[in-house]
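Colleague:
Protein chains in written order, with our numbering: chain A, 336 to 481; chain B, 513 to 938.
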């Protein structure tokens with residue numbers, strides 16, 4: 336078990352199974368097919384991301400360095416929140432990027448969804464956490480990985 | 513963040529609950545990046561990345577209905593990304609059903625929303641809004657509230673405007689409020705380069721391949737690129753701008769680049785030179801071997817990797833008129849060499865309606881059509897965003913299209929060979 340301290344972008348607590356993307360998470364490429372065709376598990380559709388391609392994202396603690404790709408990214412994340420298809424939380428090793436921040440904030444302000452977001456957890460966090468581990472987020476941005 | 517009394521009043525609800533939520537969204541957005549203030553948008557027009565009436569994103573249209581119902585339209589007119597459907601592009605009966613009855617069922621309704629919110633003109637649907645024919649071309653130093661990764665990186669890098677990599681919806685909220693939080697690429701410090709790219713290729717590297725390599729390496733950081741002047745020169749002429757358009761789109765989609773500097777060419781690099789490079793910047797050397805490595809790393813996701821190409825897309829981002837002319841000449845020459853009259857793979861060239869209109873007024877559109885090329889204003893990415901296309905062997909020289917879809921990437925010279933009768937290499 337190990338604890339990491341990050342910065343709270345969207346407050347909240349949760350406990351979920353980790354899904355880890357070691358490289359940049361392309362929000363549009365990851366969500367587009369699942370949202371468009373109603374995939375209940377919201378499987379990742381990004382063929383360039385071997386870590387999580389075809390793995391279900393719904394309800395997972397999505398651990399990532401940052402998001403990349405199209406500027407529809409925030410809109411896509413907002414839509415996922417609005418229809419209840421969002422990850423349980425998003426945990427960034429780096430400072431959050433503008434697209435992910437947009438999506439997370441739009442989801443927080445304009446929907447009832449709960450998707451806590453913590454950033455700046457550090458490279459060590461992403462080195463340590465593995466897909467399938469259990470992640471718990473505290474209100475102060477403390478992330479426990481076990 | 514320190515708000516002006518007027519901004520604070522908006523946040524407190526002086527202009528209604530919906531405007532308060534818009535400002536709250538922008539304040540939280542700025543707070544996430546340590547913005548200390550809001551700055552007014554100074555560009556004439558905005559640009560939105562959301563151009564499609566896609567059933568799956570109903571919550572977006574519901575949100576826009578809230579804005580419209582509250583009387584909150586964009587304070588500035590704006591252009592939008594390309595439309596997702598064009599009857600000129602070949603599609604099967606099944607694809608037509610999927611496009612019209614399942615996917616883009618909200619297109620008409622959404623375009624009505626955009627009219628209410630403030631789109632410039634009915635034809636202004638393109639990702640290349642900054643081209644002269646379209647006319648949404650910001651001035652150097654203008655503060656923008658745009659979204660569309662390829663347009664943002666072009667506006668920042670080639671035009672010297674200032675815009676963060678905003679997301680769809682957020683960009684409209686900035687235009688509605690009239691201000692955006694000041695952080696990142698809006699600041700002098702945020703525009704400094706943290707990577708130096710040394711291009712040491714023997715020949716002019718393909719824009720979309722070079723951009724891909726850089727995007728994948730630097731991700732969201734700002735690269736300062738050396739060594740391109742020998743091919744691009746030191747003036748932002750049509751050819752250089754077209755190259756940088758495609759280069760930037762690849763950096764932004766294969767990574768998350770929002771600004772690049774090209775030594776001796778782009779406005780800030782010309783003015784400030786190496787003073788733009790931050791101390792401790794990392795170095796990435798790109799030679800022909802590195803580009804080959806990057807290209808070989810692209811996954812091929814066709815069901816049958818040996819399939820013959822069924823469709824080819826050229827123009828993501830949309831082509832400039834110069835590029836259409838250039839392609840027309842090259843195809844003509846290649847077909848002549850091979851003793852052919854028309855291309856052998858169905859090929860769609862995409863460009864903005866305004867560029868197509870100019871191509872129609874001259875001879876380019878007619879000449880391209882006579883060679884068998886289909887000309888369209890469609891967004892190829894939107895066309896390909898469906899499971900049916902996964903089964904279709906589509907080829908492209910766009911690294912953006914490759915990234916988001918099952919389209920297979922070939923360089924422009926390979927595409928030229930393939931569409932003029934040469935068998936594709938697997």
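Every residue, glycine too, gets a C-beta built ideally from N, C-alpha and C.
Check the Cβ-Cβ distances between residue 568 of chain B and every residue of chain A, and say whether any is below 8 Å.
Modeller: Translated into the one-based positions of the second chain, residue 568 of chain B becomes position 56. Yes, residue 568 of chain B lies at the interface with chain A (some Cβ there is under 8 Å from its Cβ).
Colleague: Listed in chain order, which residues of the stretch 379-411 of chain A have Cβ atoms closer than 7 Å to some Cβ of chain B?
Modeller: Listed in sequence order: 382, 383, 401, 403, 404, 405, 406, 407, 408, 409 and 410.
Colleague: Under 6 Å Cβ to Cβ from residue 676 of chain B, same chain only, skipping five residues before and after it: list those, please.
Modeller: Against the second chain, residue 676 of chain B aligns to sequence position 164. Excluding positions up to five away in sequence, the list reads 696 and 697.
Colleague: Determine the chain E residues that contact residue 765 of chain B at a beta-carbon separation under 7 Å, and present them in chain order.
Modeller: Judged by its chain identifiers, the structure shown contains no chain E, and its protein chains are A and B.
Colleague: Return helix, strand or coil for residue 897 of chain B, following the three-state DSSP convention.
Modeller: Residue mapping note: residue 897 of chain B aligns to position 385 of the second chain, counting from 1. Reduced to three states, the DSSP call for residue 897 of chain B is coil.
Colleague: Roughly how many whole angstroms lie between the Cα atoms of residue 642 of chain B and residue 467 of chain A?
Modeller: The residue labelled residue 642 of chain B in the question sits at position 130 within the second chain. The residue labelled residue 467 of chain A in the question sits at position 132 within the first chain. If I take the Cα positions, the gap works out to 46 Å.
Colleague: Tell whether a beta-carbon distance below 8 Å holds between residue 856 of chain B and residue 932 of chain B.
Modeller: Start at 1 with the first residue of the second chain, and residue 856 of chain B comes out as number 344. Start at 1 with the first residue of the second chain, and residue 932 of chain B comes out as number 420. In contact: residue 856 of chain B and residue 932 of chain B (Cβ atoms closer than 8 Å).
Colleague: If residue 339 of chain A and residue 460 of chain A are in contact, beta carbons under 8 Å, what's the gap, nearest whole angstrom?
Modeller: Within the first chain, numbered from 1, the residue matching residue 339 of chain A stands at position 4. Within the first chain, numbered from 1, the residue matching residue 460 of chain A stands at position 125. Correct: roughly 4 Å between the Cβ atoms.
Colleague: Figure out for me which residue from B:751, B:732, B:731 and B:716 has the closest Cα to the Cα of residue 738 of chain B.
Modeller: Against the second chain, residue 738 of chain B aligns to sequence position 226. Among B:751, B:732, B:731 and B:716, the Cα nearest to that of residue 738 of chain B belongs to B:716.
Colleague: Am I right that residue 732 of chain B and residue 769 of chain B are in contact with their C-beta atoms under 8 Å? What's the rounded C-beta distance?
Modeller: Here the question's residue 732 of chain B lines up with position 220 in the second chain. Here the question's residue 769 of chain B lines up with position 257 in the second chain. Yes, they are in contact, since the Cβ atoms of residue 732 of chain B and residue 769 of chain B sit about 7 Å apart, within 8 Å.
Colleague: Less than 8 Å between the CB atoms is what I'm expecting for residue 906 of chain B and residue 888 of chain B, so what's the real figure, rounded?
Modeller: Within the second chain, residue 906 of chain B is the residue found at index 394, counting from 1. Within the second chain, residue 888 of chain B is the residue found at index 376, counting from 1. Not really, about 14 Å apart at Cβ, beyond 8 Å.
Colleague: Using the C-alpha atoms, what's the distance from residue 422 of chain A back to residue 350 of chain A?
Modeller: Walking along the first chain from the start, residue 350 of chain A turns up at place 15. Walking along the first chain from the start, residue 422 of chain A turns up at place 87. About 11 Å.
Colleague: Helix, strand or coil for residue 457 of chain A, going by three-state DSSP, please let me know.
Modeller: Against the first chain, residue 457 of chain A aligns to sequence position 122. Three-state result, residue 457 of chain A: coil.
Colleague: With the cut-off set at 8 Å, would you say residue 720 of chain B and residue 891 of chain B are in Cβ contact?
Modeller: Here residue 720 of chain B is taken as the residue at index 208 of the second chain, counted from 1. Here residue 891 of chain B is taken as the residue at index 379 of the second chain, counted from 1. Their beta carbons are not under 8 Å apart, which means residue 720 of chain B does not touch residue 891 of chain B by this criterion.
Colleague: Return the Cβ separation of residue 345 of chain A and residue 452 of chain A in integer angstroms, given the expectation that the two are a contact with Cβ distance under 8 Å.
Modeller: Counting from 1 along the first chain, the entry for residue 345 of chain A is found at position 10. Counting from 1 along the first chain, the entry for residue 452 of chain A is found at position 117. Correct: roughly 4 Å between the Cβ atoms.
Colleague: Which parts of the stretch 628-704 of chain B are runs of the beta strand (DSSP E), unbroken and 3 residues or longer, counting only runs that do not cross its ends?
Modeller: Within the stretch 628-704 of chain B, the complete beta strand (DSSP E) runs of at least 3 residues are 691-693.
Colleague: With distance defined between alpha-carbon atoms, name the residue in A:369, A:454 and A:370 nearest to residue 399 of chain A.
Modeller: Translated into the one-based positions of the first chain, residue 399 of chain A becomes position 64. Cα-wise, what sits closest to residue 399 of chain A is A:454.
Colleague: Between the alpha carbons of residue 871 of chain B and residue 630 of chain B, how many angstroms are there, rounded?
Modeller: Stepping through the second chain from its first residue, residue 871 of chain B is reached at position 359. Stepping through the second chain from its first residue, residue 630 of chain B is reached at position 118. Residue 871 of chain B and residue 630 of chain B: Cα-Cα distance of roughly 27 Å.
Colleague: Strictly under 8 Å for the Cβ-Cβ distance: is residue 915 of chain B near chain A by that measure?
Modeller: As a first step, residue 915 of chain B must be located in the second chain, where it is residue number 403. Yes, residue 915 of chain B counts as interfacial toward chain A.
Colleague: Does the beta carbon of residue 660 of chain B come closer than 8 Å to any beta carbon on chain A?
Modeller: Walking along the second chain from the start, residue 660 of chain B turns up at place 148. Yes, because at least one Cβ of chain A sits closer than 8 Å to the Cβ of residue 660 of chain B.
Colleague: Would you say residue 421 of chain A lies against chain B (beta-carbon separation less than 8 Å)?
Modeller: To locate residue 421 of chain A, count along the first chain from 1; it is residue 86. By this cut-off, residue 421 of chain A is not an interface position.
Colleague: Could you name the residues of chain B that residue 457 of chain A contacts, counting a contact when the two beta carbons are closer than 9 Å?
Modeller: In the first chain, the residue the question calls residue 457 of chain A occupies position 122. Chain B residues near residue 457 of chain A: none, gap ~17 Å exceeds 9 Å.
Colleague: Evaluate contact between the stretch 513-522 of chain B and the stretch 358-368 of chain A, counting only Cβ atoms and requiring at least three cross-stretch pairs below 8 Å.
Modeller: The stretch 513-522 of chain B is not in contact with the stretch 358-368 of chain A.
Colleague: Going by the beta-carbon positions, is the gap between residue 397 of chain A and residue 371 of chain A smaller than 8 Å?
Modeller: Here residue 397 of chain A corresponds to residue number 62 of the first chain, with the count starting at 1. Here residue 371 of chain A corresponds to residue number 36 of the first chain, with the count starting at 1. Not a contact, by the Cβ cut-off of 8 Å.
Colleague: In chain order, what residues of the stretch 343-372 of chain A put their CB closer than 8 Å to some CB of chain B?
Modeller: So the close ones are 344, 359, 361, 363, 364, 367, 368, 370, 371 and 372.
Colleague: Give the interface partners of residue 655 of chain B over in chain A, defined as CB-CB distance under 7 Å, in chain order.
Modeller: Within the second chain, residue 655 of chain B is the residue found at index 143, counting from 1. Those within 7 Å of residue 655 of chain B in chain A number zero; the least Cβ separation is about 15 Å.
Colleague: Grouping DSSP H, G and I as helix and E and B as strand, with all else coil, what is residue 950 of chain B?
Modeller: As displayed, chain B neither begins before 513 nor continues past 938, which places residue 950 of chain B out of reach and without an answer.
Colleague: Going along chain B in order, which residues have a C-beta closer than 9 Å to the C-beta of residue 341 of chain A?
Modeller: Indexing the first chain from 1 puts residue 341 of chain A at position 6. The premise fails here: residue 341 of chain A is roughly 13 Å from chain B at the closest Cβ pair, so nothing lies under 9 Å.
Colleague: So residue 841 of chain B is in the alpha helix (DSSP H); what residue range does that whole segment cover?
Modeller: One-based indexing of the second chain puts residue 841 of chain B at position 329. Per DSSP, residue 841 of chain B belongs to the alpha helix (DSSP H) from 833-850.
Colleague: Can you tell which of B:894, B:880, B:922 and B:640 has its C-alpha closest to the C-alpha of residue 363 of chain A?
Modeller: Within the first chain, the letter at position 28 stands for residue 363 of chain A. Residue 363 of chain A has its Cα closest to that of B:894, out of B:894, B:880, B:922 and B:640.
Colleague: Going by Cα to Cα distance, which pick from B:594, B:772, B:545 and B:919 is closest to residue 823 of chain B?
Modeller: Against the second chain, residue 823 of chain B aligns to sequence position 311. Among B:594, B:772, B:545 and B:919, the Cα nearest to that of residue 823 of chain B is on B:919.
Colleague: Determine the direct distance from the alpha carbon of residue 392 of chain A to that of residue 529 of chain B, and round the result to whole angstroms.
Modeller: Position 17 of the second chain, counting from 1, holds the residue named residue 529 of chain B. Position 57 of the first chain, counting from 1, holds the residue named residue 392 of chain A. So the two alpha carbons sit approximately 33 Å from each other.
Colleague: Expressed to the nearest angstrom, what Euclidean distance is found between the alpha-carbon atoms of residue 997 of chain B and residue 526 of chain B?
Modeller: Chain B is shown from 513 up to 938; residue 997 of chain B falls before or after that span and cannot be answered.
Colleague: Three or more C-beta pairs under 8 Å: does that hold for the stretch 412-419 of chain A against the stretch 769-781 of chain B?
Modeller: Contact between the stretch 412-419 of chain A and the stretch 769-781 of chain B is absent, because fewer than three Cβ pairs lie under 8 Å.
Colleague: I'd like to know if residue 731 of chain B contacts chain A, where contact means its C-beta is closer than 8 Å to some C-beta of that chain.
Modeller: The count along the second chain starts at 1 and reaches residue 731 of chain B at position 219. By this cut-off, residue 731 of chain B is an interface position.
Colleague: Classify residue 756 of chain B as helix, strand or coil using the three-state DSSP reduction.
Modeller: By one-based count along the second chain, residue 756 of chain B stands at place 244. In this structure, residue 756 of chain B counts as helix in the three-state DSSP scheme.
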